[in-house]
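Chemist:
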C-alpha cells in the first residue's frame, strides 16, 4: 500500500495496512541544519514516514520573511495599505512593527522571529471594532500551476495539504493569529454570532 492510499483510507475512516505516520510539517531550518538541505518530501522518504506536504503561497502577512526585501512581503491594495518598521534586524532575533491603513481605521501588529520560525507578539485585533476592518484584508487569487506541480511531485508518496489563504490551514487557526487565543475562545462562547 502506498503512503497516499494509506492516508486517504485513514482520512475516510477506513482501515489501512498500518497507522499512517507523519509530522505536521518540516521546518526549513531543521531540513537545512540537520538533514543536509533536503526537501520535505525527501525527509519523509528518508525517515520512513508518510508524506503530508503543505503548499504555502508566499504572500502578505504570512509570507516567508526576508529582512533584506521587506517590500516583497507586503500585500497592499487601495483599501489595505501596510507599512513595516524594522525594530530589530538580526535575522536570528528580529522584531517588526506592522501598520495597516484601511478606509475605516488603522490596525497594528508585531511579528518576531529567528532563523527557525516566526510568531505574532502583538495581535492585529485588539478591540471589537477592529474585526470590521478585516474585511479589507486582500485575498489574492491562488495560482494553481505550482499547486498542481507539487501534487504531481508528491505522487503516491503522500498527500498534499493546503488551504484557501492565510497563515494556517483553516479559519480557526487564521483567527488565532489575528487575536489572542484566550480572548478568541471566550468570544466563541460569549458572542457566537
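Numbering (this note's numbering), first residue to last: 2 to 194.
We put the beta carbon where it would ideally sit given N, CA and C, even for glycine.
It should be emphasised that the depicted structure is a prediction, and the values quoted were computed from it without experimental measurement.
(1) Check whether the Cβ atoms of residue 181 and residue 98 sit closer than 8 Å, and answer yes or no.
(2) Just the Cα atoms here: how many angstroms apart are residue 63 and residue 18?
(3) What residues are listed by DSSP as bridge partners for residue 78?
(4) Over what stretch of residues does the beta strand (DSSP E) that includes residue 101 continue unbroken?
(5) Assuming residue 52 and residue 174 form a contact by the criterion Cβ under 8 Å, report the distance between their Cβ atoms to the nearest whole angstrom.
(6) Does DSSP put residue 26 in a helix, a strand or coil?
(7) Determine the burial state of residue 35: buried for a count of at least 16 other Cβ atoms within 10 Å of its Cβ, exposed for fewer.
(8) Apart from the five residues on each side of it in sequence, which residues of its chain come closer than 6 Å, Cβ to Cβ, to residue 61?
(9) Please name the residue in 152, 154, 107 whose C-alpha comes closest to that of residue 135.
(10) Is the segment 112-124 touching the segment 23-41, taking contact as three or more C-beta pairs under 8 Å?
(11) So, does the segment 4-12 touch the segment 143-163, judging by three or more C-beta pairs under 8 Å?
(12) Give the secondary structure of residue 34 by DSSP, where H, G and I count as helix, E and B as strand, and everything else as coil.
Modeler: This is what the structure gives:
(1) The beta carbons of residue 181 and residue 98 sit no closer together than 8 Å.
(2) Residue confidence is low: residue 63 scores 47 on pLDDT, short of 50, so the model does not pin down where it sits. Its coordinate-derived value is still stated next. Going from the Cα of residue 63 to the Cα of residue 18 covers about 37 Å.
(3) Partner(s): 81.
(4) 94-103
(5) The pair is not a contact, with the Cβ atoms about 21 Å apart (cut-off 8 Å).
(6) coil
(7) exposed
(8) Model confidence at residue 61 stands at a pLDDT of 48, short of 50, so the residue's coordinates are unreliable and nothing is read from them.
(9) 107
(10) yes
(11) yes
(12) helix
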